[in-house]
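To start, the structure under review is shown below, and the notes come after it.
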Amino acid sequence: MKILRLLNKKYLSIIIISLFLSFHVIAEDQPVDIWNIDKKKIENESGTSSDNIIEKSKEKNVYDMQADKKKDSIKLDQELASKEIKIVGLYDPEEYGLSINMWSNSDGLKLKNLFKNIDKFDLSNDASEILNISFLTNAHYPYQNITKEEFLKFKSDWLIKSSNDDLIEEYLIKNQIVNLHPKLTRYLVDKYLSQSDIKKSCEIFSNIKEPIEDEYLSKFNIYCLINYGKNEEAQLILDLKKELGFQDDYYENKINYLFGYIEEVDKIISEKSILDFHLAHRTNPEFIFEPKKETSRLIWKYLSTSNLLFNIKDVEITDIEKISTIEKATHDKNYSEDELFEFYKRFQFSINQLLNTKQSYKSMSSIEAKALVYQRVLLTEEPKLKLELMKILKDIFELDGVGEAFDEKLKKFLEQINPDDVPSNFTTFYDKYKKNEKTVDKKIKYNNKILHQSRLINYFNGDYAQSKIEEELNKFLKKIKKNKKYFLSKKDIIFLEALRSDGVKISKKYDGLYEINKSEMPADIQLIIDNKEIGAALLRVIEVIGSENIEDLDDDTVYFIINTLNQLNVDLIRNKLLLKVLPLKV
Numbered sequence: 138m139k140i141l142r143l144l145n146k147k148y149l150s151i152i153i154i155s156l157f158l159s160f161h162v163i164a165e166d167q168p169v170d171i172w173n174i175d176k177k178k179i180e181n182e183s184g185t186s187s188d189n190i191i192e193k194s195k196e197k198n199v200y201d202m203q204a205d206k207k208k209d210s211i212k213l214d215q216e217l218a219s220k221e222i223k224i225v226g227l228y229d230p231e232e233y234g235l236s237i238n239m240w241s242n243s244d245g246l247k248l249k250n251l252f253k254n255i256d257k258f259d260l261s262n263d264a265s266e267i268l269n270i271s272f273l274t275n276a277h278y279p280y281q282n283i284t285k286e287e288f289l290k291f292k293s294d295w296l297i298k299s300s301n302d303d304l305i306e307e308y309l310i311k312n313q314i315v316n317l318h319p320k321l322t323r324y325l326v327d328k329y330l331s332q333s334d335i336k337k338s339c340e341i342f343s344n345i346k347e348p349i350e351d352e353y354l355s356k357f358n359i360y361c362l363i364n365y366g367k368n369e370e371a372q373l374i375l376d377l378k379k380e381l382g383f384q385d386d387y388y389e390n391k392i393n394y395l396f397g398y399i400e401e402v403d404k405i406i407s408e409k410s411i412l413d414f415h416l417a418h419r420t421n422p423e424f425i426f427e428p429k430k431e432t433s434r435l436i437w438k439y440l441s442t443s444n445l446l447f448n449i450k451d452v453e454i455t456d457i458e459k460i461s462t463i464e465k466a467t468h469d470k471n472y473s474e475d476e477l478f479e480f481y482k483r484f485q486f487s488i489n490q491l492l493n494t495k496q497s498y499k500s501m502s503s504i505e506a507k508a509l510v511y512q513r514v515l516l517t518e519e520p521k522l523k524l525e526l527m528k529i530l531k532d533i534f535e536l537d538g539v540g541e542a543f544d545e546k547l548k549k550f551l552e553q554i555n556p557d558d559v560p561s562n563f564t565t566f567y568d569k570y571k572k573n574e575k576t577v578d579k580k581i582k583y584n585n586k587i588l589h590q591s592r593l594i595n596y597f598n599g600d601y602a603q604s605k606i607e608e609e610l611n612k613f614l615k616k617i618k619k620n621k622k623y624f625l626s627k628k629d630i631i632f633l634e635a636l637r638s639d640g641v642k643i644s645k646k647y648d649g650l651y652e653i654n655k656s657e658m659p660a661d662i663q664l665i666i667d668n669k670e671i672g673a674a675l676l677r678v679i680e681v682i683g684s685e686n687i688e689d690l691d692d693d694t695v696y697f698i699i700n701t702l703n704q705l706n707v708d709l710i711r712n713k714l715l716l717k718v719l720p721l722k723v
């Protein structure tokens with residue numbers, strides 16, 4: 138057996154320590170010396186002779202003993218878990234004014250409903266930032282009508298959806314929670330591998346200090362050890378896994394080739410996982426693979442980043458199946474739109490078909506229709522007709538389920554059209570798909586005639602001591618009270634209520650400047666706040682913001698959000714939002 142040849146002092150020590158620990162665990166159960174047990178006592182208590190007991194013990198095979206040991210281990214783990222609850226996250230609760238018990242008072246049914254509602258949105262940056270803070274703050278798990286596993290799944294699903302790979306990696310490595318989040322870890326290492334970045338995939342494993350329990354991740358780790366030249370360690374882990382029942386002929390065939398035990402591998406290419414697929418590529422110098430529509434996006438990405446995709450120029454225009462596959466790959470951003478649309482130029486159409494495109498395309502296959510309409514767009518200068526044809530083309534792509542294949546190209550077309558030339562019936566289409574301008578950080582323009590646009594807003598940057606803001610604020614309110622034409626706007630009230638929440642003292646003689654309408658705060662939200670359900674209240678705020686930027690929401694909605702954050706005392710989150718919605722920016 139290979140393991141016997143490879144054991145050295147280091148590994149022997151590891152095994153001895155493991156055996157000692159196993160013995161220690163068993164010893165805690167206070168074992169009895171069976172050879173000193175009173176034989177008659179056993180017979181009296183159990184009604185069974187000692188010979189029968191010994192005979193039955195012989196029937197107990199190694200697998201039964203392993204099962205018993207596993208049960209004992211699980212029982213011990215459960216006992217330890219009940220005594221020690223691991224809290225994982227990236228942020229200290231005090232960092233954002235939160236609490237280690239931010240989830241403890243909430244009913245899990247309510248949380249599940251909020252999570253599902255939030256998952257329906259493509260969250261804006263503002264909402265995403267708050268959700269990241271909520272999920273990654275060190276806090277106890279909720280326990281009412283929700284399991285730890287369910288809560289962790291919501292967390293994993295969100296982190297995967299948000300695709301913030303650096304944040305995910307920091308979260309996993311800092312907390313050493315690969316075994317707690319195997320799905321999240323697999324997402325990350327698979328994504329790096331699909332980008333042909335083996336080094337980055339393997340770096341994750343090199344930073345993991347705990348034994349890996351998940352079978353797939355363990356296989357990946359063995360492969361990484363081989364990549365690092367640590368063959369003996371890789372072989373040891375593999376042998377130990379096999380002793381525990383691991384069997385994967387496909388994987389072992391490829392790994393044995395990398396170990397140098399065999400000179401050739403079988404030519405089977407498995408698409409079961411990106412690791413299996415990569416091993417087939419890695420171990421076969423003559424590797425060739427032609428993807429199909431049903432080929433996973435990870436493998437498509439791997440083929441693209443490894444320069445293994447077939448050349449579109451070599452595809453015949455009569456090969457409908459392959460063209461359809463290329464369209465799907467372009468939709469998934471594995472082929473460039475320029476390549477696809479250059480291919481559409483190869484189709485030949487009559488003058489009559491081009492002149493009557495709006496009718497002709499209807500009798501064609503979708504691929505021919507796309508090529509015809511695209512060619513007609515290129516020949517058209519008149520803005521109205523060009524927009525009409527672009528909309529037809531986009532609709533055909535959407536109908537085929539490959540709308541993103543006509544994304545960047547559409548934006549470039551729309552850039553060529555002057556907004557003043559867009560007919561009213563195409564403004565919605567134009568605004569929806571036109572190229573988004575890069576966000577420019579606009580500078581704040583202070584207007585000391587309007588309270589919420591005055592320099593006093595710099596208080597939320599930390600530029601004012603409380604005594605100074607109180608003095609300056611009361612001076613401003615004095616001017617407002619004298620000015621009969623000045624009416625406090627909703628944003629002025631939002632500004633004042635935030636200051637009151639922070640303990641800034643406002644003279645009582647200005648109390649009559651505005652009134653608070655308590656009915657503006659939904660009763661269910663107020664109840665959540667009163668119950669100190671901090672996590673649930675933040676989820677409710679995220680749900681309200683949804684896919685919108687905070688500065689695009691109406692003032693009443695902003696008031697509700699800021700009022701919620703005021704009551705929760707999460708000033709850092711609140712201040713960031715206030716500095717987006719209050720100042721005038723140009």
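Here the sequence shown is numbered in our numbering, starting from 138 and rising by one per residue. By construction, the Cβ of each residue, glycine as well, lies at the ideal position given by its N, Cα and C atoms.
Contact between SER243 and ALA673 holds, since their C-beta atoms are separated by about 4 angstroms, short of 8 angstroms. CA-to-CA, the gap between LEU309 and PHE288 works out to about 16 angstroms.
Between SER502 and the set PRO319, ILE460, GLU688 and LYS645, the nearest pair of CA atoms involves ILE460. For LYS616, the secondary structure class from DSSP, reduced to helix, strand or coil, is helix. Judged by their CB atoms, TYR280 and ARG323 are not nearer to each other than the 9 angstroms cut-off. Judged by DSSP in its simplified three-state form, THR432 adopts coil rather than helix or strand. Sixteen is the threshold: since fewer than 16 other Cβ atoms of the shown chains lie within 10 Å of the Cβ of GLN603, the residue is exposed. Excluding residues up to 5 positions away in sequence, LEU614 lie with their Cβ nearer than 6 angstroms to the Cβ of TYR647 in the same chain. Pairwise C-beta distances place the segment 378–390 out of contact with the segment 322–339, as fewer than three of them are shorter than 8 angstroms. Following the DSSP letters along the chain, one finds ALA542 in no alpha helix (DSSP H), marked with neither H nor E. Around the beta-carbon of SER441, 16 or more other beta-carbon atoms lie within 10 Å, marking it buried. In the assembly as shown, SER338 is a buried residue. Its beta-carbon has 16 or more other beta-carbons within 10 Å. A residue is called buried when at least 16 other Cβ atoms come within 10 angstroms of its Cβ; LYS622 does not meet this threshold and is exposed.
Counting along the chain, the unbroken alpha helix (DSSP H) around GLY245 starts and ends at 245–256. Each residue's CA atom was taken as its position, placing GLU464 and ASN262 some 30 angstroms apart. Secondary-structure assignment with DSSP links ILE581 through a beta bridge to LYS722.
Remark: C-beta atoms of LEU536 and TYR570 do not approach each other more closely than 9 angstroms. Per DSSP, THR467 has no beta-bridge partner at all. Counting only runs of 3+ residues, no beta strand (DSSP E) is found wholly inside the segment 273–309. CA-to-CA, the gap between ASN611 and ASP639 works out to about 16 angstroms. Ranked by how close their Cα comes to the Cα of ILE665, the residues TRP295, SER241 and ASN282 have SER241 in first place. Apart from the 5 residues on each side of it in sequence, PHE291 sits with its Cβ closer than 7 angstroms to the Cβ of PHE252 in its chain, given in chain order.
Sixteen is the threshold: when 16 or more other Cβ atoms of the shown chains lie within 10 Å of the Cβ of VAL695, as they do, the residue is buried. Looking only at VAL225, SER265 and HIS415, the smallest Cα-Cα distance to LEU435 is reached by HIS415.
Residues LYS722 and VAL723 of the same chain have their beta carbon placed closer than 7 angstroms to that of LYS579, with the five preceding and five following residues left out of the count. In terms of Cβ geometry, ILE237 and ASN269 do not form a close pair [threshold 9 angstroms]. Annotation: GLU552 to ARG637 spans about 48 angstroms, alpha carbon to alpha carbon.
Take the alpha-carbon of LYS482 and the one of LYS257: they are about 39 angstroms apart. A contact is defined here as three or more CB-CB pairs under 8 angstroms, and the segment 444–463 fails this definition with respect to the segment 509–523.
Ranked by how close their Cα comes to the Cα of LYS328, the residues LEU227, LYS438 and TRP295 have LYS438 in first place.
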